[in-house]
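Student: Just passing along the structure, written as structure tokens.
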Amino acid sequence: MLPGFVAYPEDVADRYRREGYWTGAPLGEIARAEARRDGSRAAIVSTRESVSYAELDNWADAIGTGFRERGIGPGDRVIVQLPNIPEFLAVALALFRIGAIPVFALPAHRSAEISYLSEHADAAAYVIPDVHQRFDYRDLAREVRRARPALREVVVAGEPAEFTALAAFGRGGRPLAPAAVDPEGPALLLLSGGTTGLPKLIPRTHDDYAYQLRATAEAMRFGRDGVYLAALPMAHNAALGCPGVLGALAAGGVVALAGNPSPDQIFPLAERTGATLTTLMPSLLRLWADTAGLFGADLSGLVVEVGGAPLSAETADRVAGALGCTLTRWFGMAEGPLIFTRLDDEPAVRLGTEGRPLSAADELRVVDDQGQDVAPGEPGELLVRGPTTLRGYYDNAEYNARTFTRDGFLRTGDLVCRTAEGNLVVRGRARDVINRGGEKIPAEEVETHLQAHPEIDEAAVVGVPDLALGEKTCAFVVPAGGPPTLAGIKNFLTGAGLAEFKFPDRLRVVETLPRTGAGKIDKNALKAAAGRRADQNPPAPGSAPASSPPSEA
Ligand code: AMP
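Under the numbering used here, the first residue of the sequence shown carries the number 450, and numbering increases by one thereafter.
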């Protein structure tokens, strides 16, 4: 058992098993049944190649054997940072089969995030591409390994340089006896979208994730004839397992992989493969709606699950019309809670709410500041407990004590309303997180980096509305001498190894930061100030003034 893993209480686990949610099937079995039944059918179609079920099954075995020979085994953590290429799926299945635990990192992550993950997860191996979107991941691996030699194995999909080539494990002919895994134990670690500080690690078990794959596929009517188009990075829970790529394979369907989600790749691929289901975030959805006409793409057979960030009912309606597809909505977290509209919901529900929970066994509460349940229609924080929702972040007892109620509900930090019919409408966040096009940016993480800048005395970041991305990041900084520039700050953050999507988009240099009565930085005042032009910046009522007008870079 993984130290730092918080298991479900035994009586709860018994109930989930008894009621048929958890079935004891390890995730490593994905693709096996279909490989035996009709192995010549396509499992993966990418812009580069097509992989049948039999080939994928053999490939996963060969990679699993390769890892085993290099001493990676049950319980070992392996950081997987791959783009949407077939290798991602072969490696994931291989690791499940040998009982190792993949930690899925985004391709956009850089040394700050990967070093932290490597340390926190105590990772033994790291899987990367050679070069992707002009970034050389082998340089990143060198940097991470210099700081932490315990990361003993680096495996490269592509040219390996001094590391191990994934291709050296072969693609077949090395059958693997799968490790005996505890289905209630951790199968994978996902990254939290963040609440405070650095990302937390979310353990998902074989049982809970397999149930999520099955139930979401059923709800989206995805079966063997389905084609799932992976447009978002597969490391996101939304594209990995709702039902996503793993759910598609578990159902015996096809996974269509676009190297990147730009319209010129995605629309031809969608047409060529006859895609039936995909997952998008609102920023990408708007881009699709604006460009689908240019490609003359016929998306009438496509169901688009959209979520991850706020979307108005009007935009949802307009976009569904422009794309000619069926739109359903979801609200979810890698932590497990998943709320979504069903395909036979009326349009008002399907486009105007986030729908209902995945599981009949999900328990939802909407509570006020005192933890008391609010009446239907009233806003409050969403609390969730259920067969896919974690009971504790990995190795983080102090944070878990604050984030879970005594009886095991996860405090999501999201503000929602529940309609009388039981559908959820998201109202905002109680947490200090910026949602930039669906990527979550914990304000505190960026602020900590900014404060390390030699020209910055104090810093605070807030989200500001943005038409394309939903929100962008604005940094307010108090200089410690000559005022820093946005370009200088971006250089500094590149040097610190922070992922680029977390960089501030805008900069305001101020003499002081406004404070609340309790002495905390007044983020509401900063948000209001960020919405005004730099030369008309009166302080918000009740906040300490910036003693001179801020300048904007
Ligand atoms: P992640 O951990 O990246 O899966 O992000 C989860 C967070 O994304 C949630 O806690 C919400 O703050 C946000 N989110 C997810 N779905 C929606 C949605 N439909 N509307 C608004 N925010 C959402």
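By construction, the Cβ of each residue, glycine as well, lies at the ideal position given by its N, Cα and C atoms. For clarity, every value in this text was computed on a predicted model and none was experimentally measured.
1. Based on the DSSP secondary-structure assignment, which residues constitute the bridge partners of LEU709?
2. Taking the Cβ atom as the reference point for each residue, do GLY696 and THR725 lie within a distance shorter than 8 Å?
3. Taking DSSP as the reference, what is the three-state secondary structure of LEU433?
4. Between ASP506 and GLY524, what straight-line distance do the alpha-carbon atoms span, to the nearest angstrom?
5. Leaving aside the five residues before and after SER997 along the sequence, list all residues of the same chain whose C-beta is less than 7 Å from its C-beta, in chain order.
6. Any idea what DSSP makes of HIS685, helix, strand or coil?
7. Do the region 822–838 and the region 882–892 touch if we need at least three Cβ pairs shorter than 8 Å?
8. Judging by CA-CA distance, which residue of VAL540, PRO535, THR514 and ALA574 is the nearest neighbour of VAL527?
9. On the three-state DSSP scale, how would you describe LEU505?
10. Within the continuous beta strand (DSSP E) that includes TRP779, where are the two ends?
11. Would TYR1005 and ILE651 qualify as a contact pair, given that the criterion is a beta-carbon distance under 8 Å?
12. Ordered along the chain, which non-local residues of its own chain (more than five positions away) have a Cβ less than 7 Å from that of GLY757?
13. Quick one: give me the first and last residue of the beta strand (DSSP E) that GLU1032 is part of.
14. Could you tell me how far apart the beta carbons of GLU837 and ASP657 are, in whole angstroms, since I believe they sit closer than 8 Å?
15. Quick check: the region 730–748 against the region 769–778, are at least 3 beta-carbon pairs closer than 8 Å?
16. Does any heavy atom of the ligand AMP sit closer than 7 Å to the C-beta of PRO712?
17. Here's a check: name, in chain order, each residue in its chain whose Cβ is nearer than 6 Å to the Cβ of PRO452, leaving out the five neighbours to either side.
18. Please say whether ALA908 and PHE925 have beta carbons closer to each other than 8 Å?
19. Would you identify the three-state DSSP class for ALA462, choosing helix, strand or coil?
20. Under a Cβ-count criterion, where at least 16 other Cβ atoms within 10 Å of its own Cβ denotes burial, should LYS951 be classed as buried or exposed?
21. Can you give the Cα-Cα distance for ALA993 and THR722, rounded to whole angstroms?
22. Can you name, in chain order, every residue of its own chain whose Cβ lies under 7 Å from the Cβ of GLY762, other than the five neighbours on each side?
23. Please confirm if the region 529–538 is in contact with the region 550–557, defined as three or more CB-CB distances below 8 Å between the two stretches.
24. Evaluate SER732 with the Cβ neighbour count: other Cβ atoms within 10 Å of its Cβ, from every protein chain shown; 16 or more gives buried, anything less gives exposed.
25. Using three-state DSSP, classify PHE950 as helix, strand or coil.
26. Tell me the residue span of the beta strand (DSSP E) that contains ASN884.
27. With a threshold of 7 Å, establish whether the CB of VAL630 neighbours any heavy atom of the ligand AMP.
28. Report yes or no: do the region 479–491 and the region 869–880 share at least 3 C-beta pairs separated by less than 8 Å?
29. Sort out for me which residues DSSP pairs ASP863 with in a bridge.
30. Does DSSP put LEU555 in a helix, a strand or coil?
31. When DSSP labels each residue in this structure, what does PHE853 get in the three-state scheme?
32. DSSP has SER495 in a bridge; who is on the other side?
33. Could you compute how far the alpha carbon of SER560 sits from the alpha carbon of GLY946?
34. Which same chain residues, not among the five before or five after LEU751, have their C-beta less than 6 Å away from its C-beta?
35. Taking Cβ to Cβ, would you say GLY477 is nearer than 8 Å to LEU542?
36. State the DSSP-derived secondary structure class of THR665, mapped to helix, strand or coil.
Tutor: On the basis of the data shown:
1. In the sequence shown, counting from the first residue as 1, residue 709 sits at position 260. At residue 709 the sequence reads Asn, which differs from the Leu that was named. Bridge partners of ASN709: none, in fact.
2. Position 247 of the sequence shown, counted from the first residue, corresponds to residue 696. Position 276 of the sequence shown, counted from the first residue, corresponds to residue 725. Not in contact: GLY696 and THR725 (Cβ atoms no closer than 8 Å).
3. Residue 433 lies beyond the range of the chain shown here (450 to 1002); nothing can be said about it.
4. For the purposes of this step, residue 506 is taken as the residue at position 57 of the sequence shown. For the purposes of this step, residue 524 is taken as the residue at position 75 of the sequence shown. Approximately 22 Å between the Cα atoms of the pair.
5. Locating residue 997 in the sequence shown gives position 548, where the first residue counts as 1. In this prediction, SER997 has a pLDDT of 39, which is less than 50 and means its spatial position is unreliable; what the coordinates show is noted afterwards. Excluding positions up to five away in sequence, the list reads GLU960.
6. As a working note, residue 685 is residue 236 in the sequence shown. In the structure shown, HIS685 sits in coil (DSSP, three-state: anything other than H, G, I, E or B).
7. no
8. Within the sequence shown, numbered from 1, the residue matching residue 527 stands at position 78. Its Cα nearest to that of VAL527, the residue ALA574 stands out among VAL540, PRO535, THR514 and ALA574.
9. As a working mapping, residue 505 is identified with position 56 in the sequence shown. If DSSP states are grouped into helix, strand and coil, LEU505 belongs with the helices.
10. In the sequence shown, counting from the first residue as 1, residue 779 sits at position 330. TRP779: member of the beta strand (DSSP E) spanning 775–781, first to last residue.
11. Past the boundaries of the shown model lies residue 1005; the chain is included only from 450 to 1002, so the question cannot be answered.
12. Here residue 757 corresponds to residue number 308 of the sequence shown, with the count starting at 1. Closer than 7 Å at the Cβ level, and outside the excluded window around GLY757, lie ALA687, MET730 and GLY887.
13. What is shown of the chain runs 450 to 1002, which leaves residue 1032 out entirely.
14. Walking along the sequence shown from the start, residue 837 turns up at place 388. Walking along the sequence shown from the start, residue 657 turns up at place 208. According to the sequence provided, residue 837 is Thr. The question's Glu does not apply to it. Correct: roughly 5 Å between the Cβ atoms.
15. The region 769–778 is in contact with the region 730–748.
16. Counting from 1 along the sequence shown, the entry for residue 712 is found at position 263. Because no heavy atom of the ligand AMP lies under 7 Å away, the Cβ of PRO712 does not count as near it: no.
17. In the sequence shown, the residue the question calls residue 452 occupies position 3. Cβ neighbours of PRO452 beyond the five flanking positions: none.
18. Position 476 of the sequence shown holds residue 925. Position 459 of the sequence shown holds residue 908. Against a cut-off of 8 Å, the Cβ pair of ALA908 and PHE925 comes out as a contact.
19. Taking the sequence shown and counting its residues from 1, the one referred to as residue 462 is at position 13. In the structure shown, ALA462 sits in a helix (DSSP, three-state: H, G or I).
20. Residue numbering aside, residue 951 sits at position 502 when the sequence shown is read from its first letter. Counting Cβ neighbours within 10 Å, LYS951 comes out buried, since at least 16 surround it.
21. The count along the sequence shown starts at 1 and reaches residue 993 at position 544. The count along the sequence shown starts at 1 and reaches residue 722 at position 273. In this prediction, ALA993 has a pLDDT of 38, which is less than 50 and means its spatial position is unreliable; what the coordinates show is noted afterwards. If you draw a straight line from the Cα of ALA993 to the Cα of THR722, it comes to about 58 Å.
22. The residue labelled residue 762 in the question sits at position 313 within the sequence shown. With the sequence shown as reference, residue 762 is identified as Ala, and Gly is not the correct amino acid for it. Once the five neighbours on either side are set aside, the close Cβ partners of ALA762 are LEU800 and GLY801.
23. Contact holds: three or more Cβ-Cβ distances are below 8 Å.
24. What you label residue 732 is simply residue 283 of the sequence shown in a count that begins at 1. SER732 is buried by the Cβ-count criterion.
25. Indexing the sequence shown from 1 puts residue 950 at position 501. Correct three-state label for PHE950: helix.
26. For the purposes of this step, residue 884 is taken as the residue at position 435 of the sequence shown. Counting along the chain, the beta strand (DSSP E) containing ASN884 begins and ends at 882–885.
27. Taking the sequence shown and counting its residues from 1, one reaches residue 630 at position 181. It does not: the Cβ of VAL630 is nowhere closer than 7 Å to a heavy atom of the ligand AMP.
28. No, the region 479–491 does not touch the region 869–880.
29. The sequence position of residue 863 within the sequence shown is 414, counting from 1. Note: ASP863 sits in a beta bridge opposite ARG878.
30. Taking the first residue of the sequence shown as position 1, residue 555 is located at position 106. Of the three classes helix, strand and coil, the one that applies to LEU555 here is coil, per DSSP.
31. Locating residue 853 in the sequence shown gives position 404, where the first residue counts as 1. Here PHE853 sits in strand by DSSP.
32. Position 46 of the sequence shown holds residue 495. Note: SER495 sits in a beta bridge opposite LEU706.
33. Within the sequence shown, residue 560 is the residue found at index 111, counting from 1. Within the sequence shown, residue 946 is the residue found at index 497, counting from 1. Going by the C-alpha atoms only, they are around 5 Å apart.
34. Indexing the sequence shown from 1 puts residue 751 at position 302. Taken in chain order, the residues that qualify are ALA724 and CYS774.
35. On the sequence shown, residue 477 is found 28 positions in, with the first residue counted as 1. On the sequence shown, residue 542 is found 93 positions in, with the first residue counted as 1. Yes, they are a contact pair.
36. By one-based count along the sequence shown, residue 665 stands at place 216. DSSP places THR665 in helix when its eight states are reduced to three.
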